[in-house]
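Participant: Mind looking over this structure? Questions follow.
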Amino acid sequence: MEIVTCRAPVNIAVIKYWGKRNEKLILPVNSSLSATLDIDQLCTKTTVAASNKFKTDRIWLNGREESLDNPRLKKCLAEIRQRARKRKSSPTKDGVTPAAMLDWKVHICSENNFPTAAGLASSAAGYACLVATLAKVFKVEGNVSDIARQGSGSACRSMYGGFVQWLMGEEETGEDSIAEQVVTEDYWPEMRILILVVSDHKKATSSTAGMQSTVETSPLLPHRAEKIVPDRMVAMTTAIEEKDFKTFAELTMKDSNQFHAVCLDTYPPISYMNDTSRHIVRLVHAFNAFKKQTKAAYTFDAGPNAVLFTLENDVSELLSFINHFLPQGDEDKEDVFIRGLPADIHTPSKELQSAVTFDPIPNSLRYIIHTKVGPGPVTAEDPELGLIDSNGQPKSLK
Ligand code: DP6
């Protein structure tokens, strides 16, 4: 039996992917760019065991067996096996040739270290982890981001750490629609990220369905894809390479705003942001106006949660400011409100408090995660960390 465990990160786009030119291959209408978040705070862990003793491929997600009759999952498995078939075979440590493994079935066990219901990008980390782990098991080397892309578009960017671009590509086959690292996770070490998990129980329109509707009905989308994003990709790459926070932050906010504008231009319209999201937008602009410099940026995906970017020296003041205006509610007092990296929280100065014209609104946020930019998928060397036992069965079930 071959058994491998990997952990893979979540990523958050600063230039958004929204719209496919090919639904089946998941080819986007524009390139996109993201920051990979540290796996210490948010990650998916996946163990894959392959054996000639297994009768069928099986998958368990968060402790429950799920059907493998899912076209995207099946595609990722088939593509990895296909690539393994093409590659030169060198025997594994037990003398098994990869060619002999091609008929082996797999057992896959996967878990998130964060609540799936929080609406954080779990499919990106999930498919990136699946593909990274399968590639290790079947000894497939090189860029496999095009396989992760076929699980979920944004997953291809979780195959690398630091800042990553997904090049839209031109080929009909999708072979040039791949992710590439822009800079490593150590390049801009001062960058900090705050995830504001908004209290909200409504299920948003899924990204897949939402973007399909946008492609069909929004006249603004082709304008964005053809006229706006190409220049923004260049400007964003330069801002990151030059560690120019002001440009980085302004482009991030403008691109998030344009993505949500394109959603509103969809017919019927799609709105992912709620009142709390809009309060966060006001707070960030008020903070920047008070500081007379762009010190913080927001971005929102297909839901109301906000992701803020700031630099290490400003985290304490920004977090204290957010915590003052959107404080924890009494009902949630048992839970840790600010999670992840440590930060000093204080009462904001009277001047900063008066920069905002609304009163504090408790219970708007469920919690905040303080994190940073991190690496791509990593292999866990210690078998104790794996989710599958030596008989090839899940260690724990729900
Ligand atoms: C708003 O990658 O989840 O987060 O390819 O259909 O699986 P599918 O969609 P998905 O869409 C992500 C959309 C986004 C923007 C982004 O991450 O770039």
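Going by the numbering used here, the first residue of the sequence shown is number 7, and it counts up by one from there.
Cβ atoms here follow ideal geometry from the backbone N, Cα and C, with glycine treated the same way.
With distances taken from CA atoms, which of Val189, Gly125, Asp44 is nearest Leu347?
Facilitator: As a position in the sequence shown, residue 347 is number 341, starting the count at 1. Measuring from the Cα of Leu347, the nearest candidate turns out to be Asp44.
Participant: Rounded to whole angstroms, what is the Cα-Cα separation between Glu85 and Arg78?
Facilitator: Within the sequence shown, numbered from 1, the residue matching residue 85 stands at position 79. Within the sequence shown, numbered from 1, the residue matching residue 78 stands at position 72. Spanning the two alpha carbons is a distance of roughly 11 Å.
Participant: Rounded to whole angstroms, what's the CA-CA distance from Gly216 to Thr253? Just pull it up for me.
Facilitator: Within the sequence shown, residue 216 is the residue found at index 210, counting from 1. Within the sequence shown, residue 253 is the residue found at index 247, counting from 1. Near 29 Å, if we compare the C-alpha coordinates of Thr253 and Gly216.
Participant: Residue ranges of each alpha helix (DSSP H) run of no fewer than 4 residues wholly in the region 273-349, ordered along the chain?
Facilitator: Runs of the alpha helix (DSSP H) inside the region 273-349: 281-297, 318-331.
Participant: Can we count Gly159 as close to the ligand DP6, meaning its CB is less than 7 Å from some heavy atom?
Facilitator: Taking the sequence shown and counting its residues from 1, the one referred to as residue 159 is at position 153. Yes - the ligand DP6 has a heavy atom lying nearer than 7 Å to the Cβ of Gly159.
Participant: Residue ranges of each beta strand (DSSP E) run of no fewer than 3 residues wholly in the region 212-248, ordered along the chain?
Facilitator: Counting only runs of 3 or more, we get nothing.
Participant: Would you give the residue range spanned by the alpha helix (DSSP H) that Cys82 belongs to?
Facilitator: For the purposes of this step, residue 82 is identified with residue 76 of the sequence shown, where counting begins at 1. Counting along the chain, the alpha helix (DSSP H) containing Cys82 begins and ends at 77-92.
Participant: Please report the distance separating the alpha-carbon of Phe364 from that of Ala130.
Facilitator: As a position in the sequence shown, residue 364 is number 358, starting the count at 1. As a position in the sequence shown, residue 130 is number 124, starting the count at 1. One C-alpha to the other measures close to 36 Å.
Participant: Mind checking whether Thr139 and Asn68 have CB atoms under 8 Å apart?
Facilitator: Taking the sequence shown and counting its residues from 1, one reaches residue 139 at position 133. Taking the sequence shown and counting its residues from 1, one reaches residue 68 at position 62. No, they are not a contact pair.
Participant: So for Gly263, helix, strand or coil by DSSP?
Facilitator: Within the sequence shown, the letter at position 257 stands for residue 263. It should be pointed out that residue 263 corresponds to Asn in this sequence rather than to Gly. Helix, per DSSP.
Participant: Ends of the alpha helix (DSSP H) at Ile153?
Facilitator: On the sequence shown, position 147 is the one that residue 153 refers to. Looking at the DSSP string, the run of the alpha helix (DSSP H) that includes Ile153 is 151-155.
Participant: Please report how far the alpha carbon of Ala312 lies from the alpha carbon of Asn58, in whole angstroms.
Facilitator: The residue labelled residue 312 in the question sits at position 306 within the sequence shown. The residue labelled residue 58 in the question sits at position 52 within the sequence shown. In a straight line, the C-alpha of Ala312 is about 46 Å away from that of Asn58.
Participant: Would you check whether the ligand DP6 has a heavy atom nearer than 7 Å to the C-beta of Ala312?
Facilitator: To locate residue 312, count along the sequence shown from 1; it is residue 306. Not so, every heavy atom of the ligand DP6 lies at least 7 Å from the Cβ.
Participant: I'd like the list of long-range same chain contacts for Asn280, defined as Cβ closer than 8 Å, with 5 residues on each side in sequence excluded.
Facilitator: To locate residue 280, count along the sequence shown from 1; it is residue 274. Cβ within range, chain order: Val204, Asp206, Pro310.
Participant: Measure the Cβ-Cβ separation of Ala361 and Ala267 and say whether it is below 8 Å.
Facilitator: Against the sequence shown, residue 361 aligns to sequence position 355. Against the sequence shown, residue 267 aligns to sequence position 261. Contact flag unset, no.
Participant: If distances are taken between C-alpha atoms only, which option among Arg89, Leu136, Gly125, Ser128 comes closest to Val112?
Facilitator: Working through the sequence shown from its first residue, we reach residue 112 at position 106. Out of Arg89, Leu136, Gly125, Ser128, Leu136 has the C-alpha closest to the C-alpha of Val112.
Participant: Write down the C-beta distance between Ile114 and Val54 rounded to the nearest angstrom, noting that I regard them as a contact closer than 8 Å.
Facilitator: For the purposes of this step, residue 114 is identified with residue 108 of the sequence shown, where counting begins at 1. For the purposes of this step, residue 54 is identified with residue 48 of the sequence shown, where counting begins at 1. Their Cβ separation, rounded to whole angstroms, is 5 Å, which keeps Ile114 and Val54 in contact under 8 Å.
Participant: Looking at Tyr373 and the ligand DP6, is the gap between the Cβ and the nearest heavy atom below 7 Å?
Facilitator: Walking along the sequence shown from the start, residue 373 turns up at place 367. No, since every heavy atom of the ligand DP6 falls outside the 7 Å radius drawn around the Cβ of Tyr373.
Participant: In three-state DSSP terms, what is Glu256?
Facilitator: For this step, residue 256 is matched to residue 250 along the sequence shown. The answer is helix: DSSP assigns Glu256 an H, G or I state.
Participant: Using three-state DSSP, classify Tyr193 as helix, strand or coil.
Facilitator: Counting from 1 along the sequence shown, the entry for residue 193 is found at position 187. Looking at Tyr193 - three-state DSSP - the assignment turns out to be coil, as it is neither helix nor strand.
Participant: With a threshold of 7 Å, establish whether the CB of Ile32 neighbours any heavy atom of the ligand DP6.
Facilitator: The count along the sequence shown starts at 1 and reaches residue 32 at position 26. Because some heavy atom of the ligand DP6 lies under 7 Å away, the Cβ of Ile32 counts as near it: yes.
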